[in-house]
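Residue numbers (the numbering used here), protein chains in the order written: chain A, 381 to 1058; chain B, 117 to 415; chain C, 22 to 153. See structure below.
Below is the structure:
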């Protein structure tokens, strides 16, 4: 084998000499062009680009030429029988040629770059050599292997070169498609895997194919000699890819003890009994930004990302899935609805919002329903809440009796939401018109109140599949004159007795045209509270929109008993507005500080509110008493990061660990913390 | 003779290329120390035969053994003991003759540079010349020189004389004979030039369309295949034995070729007013006679 | 000394070589004690199989014309002179046999044949010295 290697090496001397020539030629060319041709900065860039391309292309070209010539040259010139009549096994001959080819290619490349690298020639910097060098190495190996493979099959050097280029292009396309789409699906991740690394996986397969073709004991002349090597290469590629996928799946397997990073794209679900969160299943080194620790909400998309539905009492996983998404547990705890981002490529901007809805029976671990939706959905949580975590995925709501679901779907330009049973059999599409937030809600008796396309309040009974018009806001006595509603949101009080309806109204042309007497009321946002049967509508908020104002909706917070309603005015944030069912008036509670970057949120098990701004917090009870919250945990807790409250009223918050974050339950009153997850 | 007395033995060796049968059930035996000539027209399968022995191609059926070693299983060992020169085989043009010899020297465990140099100097080939500058005859001689460097026990010369001018041909023949100095070295030569091969071969085999028609020592063949001439009176033509070839009859003369000559044959043909004559045939004549008969029989 | 061998001529090669040696001995071109070329040399010169040459030497040695001296080569044996005469006769009678066959075939009379032979012999007689 050594003799063959040496003979090949000597035969390929020219390549090495060629490399040497280029070593001097390219920098010289760059220097010449720079001085002669360059007149300004832009031209210099062109020269750099050109030389950079040369530096990149030439090694690849050499790899192809050397690889193609290894066997094809012998075939072309008819010296193959001479070589095979030597007292060497075919394996030895093949190996000698392979090693010689690799040696020739890489020594030529080293020679090309060595002088420039040693002299730290500026042309390399401009050509971004150091950035591209690993890529260059990769492509050189890939191209060499491809051309080596074809060299055993093609009878001429030109044929091998041509076949190499064609196969290379095909592989690039296939790898991008197969890896991005298929591979990601098999791995259950939406992360596009590095296509080049997968192409590298085909190299051993190609070498195996070429070995099979050469070692079979023929003179490489029959027309059917293509079949076995190609089949071998394909089979080997498949095996390698499957093995790689298996390895990656194993590497990214869910292992609770290995979790360091969780995201606060999390939500409490199932009436406080469970939390849905995303976690990186394997320890991952994340880049720290300039500010220090990475915020828990900034979990990067990583291939070991898993969606976990965790039961808060038992702290056991109810469900674990690869990928990104959100889970919603039914109130009775038997079923879970998942909205996940499907793995693989999503095409273009239209594909960005595509989600897959899966409904699982947890007790039997059985899939009940699977379908696809387009959700560039309104954010979850209280409508209009400026959550820093825009969880567009969490748009599934279970009915209180756990028999129905609502899901938001964008159908073309139409907004609609679906009411469906867990098996997906009774599916109703209800059109709605929402731009500012959710426009429907479940009542306690498992009926859906929503604003239809005409922005009328409708009650839908899923069991009977019947819609019953409750009322039309235009008929409200306090409805602004001369305006027409354009969009709206709706909430239902927890006991189902009251509704809030917020509408964006615009001055209608007819009003402008037939203005008689009083002026039309102009563009504005108005909010009403009314009884669930549509009676007693009461205007509780109005905001006239000037030319420069942005449309924003007040966020409504119902107390758990349904008697108190709290909201913040979008602009005047130094007081909280309070409506009580008893007194039917809107009161204003002044705040000690203006909440420019703070907010309010409901406290469970009370009719009170939590008000905070940065690290300062207050509780507000239903008697409008504001008390500051002085607790040790405020030092490490960012109140805006509270995920929610569990059934016992404890806050579920992320807490920073040495590396990453964990999820703890915190009693706001006593400050007691218990670690829940991982 | 036991199998070990043979340098090359093939057992029903067959090779197909697609639907074309290049070798069809060839069972040949080449005794050690002989010069064996495999003769046949173009496309008869001679080169395929040699390539099977070197395991450049795999037989479709059957097997072969060289010096007792199976050509497929022990192909590396076979090639270590076998020297090979092929007709018009392209060599590596860029090498010098000395480089070529040195390369070959590195490939074999045993190498004796003396016979190589002896041949090269005898025919006047400059060691420093590049192969591409050599004439066809010089290439053949250079290849032959290098082929004997590793002291092979068997020399396979596939059409080594084809395509050469008469002077080069003689030189090659001479060097082949010189190369026989080693005791027991076997030479296996294929070709179409029957006259030249007749000079040096002591065993012959006829290969036509992939089939081995005949295999024999040259002496025996020449003793058995003769042309018989009978002069007889008109209308008294003799009975020709079965299996006679190339029968020519005129009124008073009958000539035919027999494959099994014996004095008894002459006795059986003898008669009053008859004159008999047994003529020797050249190998070329024998070959043509037999090959033609084979074609006729086939049609 | 040796003519080239004509393989196309019908006789076996070993007989051709053997005959040439016998002729030379018969004609006195080879006398006892003359060294013959080695097997290899002769084979190389004539471009024939060394085995053939070896066989010729063996046959001639068996017939007493040659002798092999260990380590020195093959020589015309001392007996050759004695055998030369019988060789001469044998060779000539072979030729005469061929001529006789033709005589019978062509129906020449014995007398005509003998006259013919005398004529031919006369033509072959070496010329006397005074012709120079």
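Glycine is no exception: its CB is placed at the ideal position from the N, C-alpha and C atoms.
Residue 270 of chain B is positioned such that its CB atom lies closer than 9 Å to that of residue 123 of chain B. For a Cβ distance threshold of 7 Å, residue set 315, 316 of chain B lies close to residue 69 of chain C, ordered along the chain. In the three-state reduction of the DSSP assignment, residue 111 of chain C falls in the helix class, which pools H, G and I.
For residue 851 of chain A, the enclosing beta strand (DSSP E) begins and ends at 846-851. Any Cβ of chain B closer than 9 Å to the Cβ of residue 32 of chain C would place that residue at the interface, and such an atom is present.
In the three-state scheme derived from DSSP, where H, G and I count as helix and E and B as strand, residue 166 of chain B is classed as helix. Out of A:968, A:965, A:956, the CA that lies nearest to the CA of residue 979 of chain A is found in A:956. Contact annotation: in the region 461-484 of chain A, residues whose CB is within less than 7 Å of a CB in chain B are 461, 462, 464, 465, 466, 467, 468, 469. Straight through space, the alpha carbons of residue 782 of chain A and residue 584 of chain A are spaced by roughly 54 Å.
Looking at the DSSP output, residue 700 of chain A sits in a beta bridge with A:688. Taken through DSSP and simplified to helix, strand or coil, residue 27 of chain C comes out as coil. Listed as beta-bridge partners of residue 908 of chain A by DSSP are A:881, A:919. If you draw a 10 Å sphere on the C-beta of residue 141 of chain C, you find fewer than 16 other C-beta atoms in it, and that means exposed.
One thing to note: residue 209 of chain B has its Cβ within 9 Å of the Cβ of residue 457 of chain A. About 5 Å separates the Cβ atoms of residue 77 of chain C and residue 35 of chain C, confirming a contact at the 8 Å cut-off. Between residue 192 of chain B and chain A, the shortest Cβ-Cβ separation is below 9 Å. Collapsing the DSSP output to three states places residue 216 of chain B in a helix. For residue 46 of chain C, the three-state secondary structure derived from DSSP is helix. The beta carbon of residue 752 of chain A sits closer than 8 Å to those of 722, 734, 735, 736, 737, all from its chain and outside the five residues before and after it, given in chain order. Between residue 946 of chain A and residue 959 of chain A, the alpha-carbon positions lie close to 6 Å from each other. Spatial neighbours of residue 709 of chain A in its own chain (CB-CB distance under 6 Å, excluding positions within 5 residues in sequence) are listed in chain order as 649, 650, 654, 716. In the structure shown, the three-state DSSP call for residue 306 of chain B is strand. Taking 9 Å as the cut-off between beta carbons, the residues of the region 109-124 of chain C near chain B are 122, in sequence order.
Burial state of residue 137 of chain C is exposed, judged by a 10 Å Cβ sphere holding fewer than 16 other Cβ atoms. In the structure shown, residue 130 of chain B adopts extended strand secondary structure according to DSSP, grouped into three states.
Contact with chain A is absent for residue 241 of chain B, since none of that chain's Cβ atoms lies less than 9 Å from the residue's Cβ. If you check the CB distance, residue 100 of chain C and residue 112 of chain C do not come in under 9 Å. In the structure shown, the three-state DSSP call for residue 201 of chain B is strand. Residue pairing of residue 369 of chain B in beta bridges, as defined by DSSP: B:347. Measuring C-alpha to C-alpha distances from residue 136 of chain B to each of B:325, B:241, B:404, B:401 identifies B:325 as the nearest. Rounded to whole angstroms, the separation of the alpha carbons of residue 787 of chain A and residue 1034 of chain A is 28 Å.
With respect to chain C, the C-beta atom of residue 332 of chain B has no partner C-beta closer than 9 Å. A distance below 9 Å separates the beta carbons of residue 663 of chain A and residue 638 of chain A.
DSSP, reduced to helix, strand and coil, places residue 390 of chain B outside both helices and strands of the structure shown, so it counts as coil. Using beta-carbon distances, residue 195 of chain B counts as an interface residue toward chain A, with a partner under 9 Å. Residues of chain B with a Cβ closer than 9 Å to the Cβ of residue 598 of chain A are, in chain order, 172, 173, 174.
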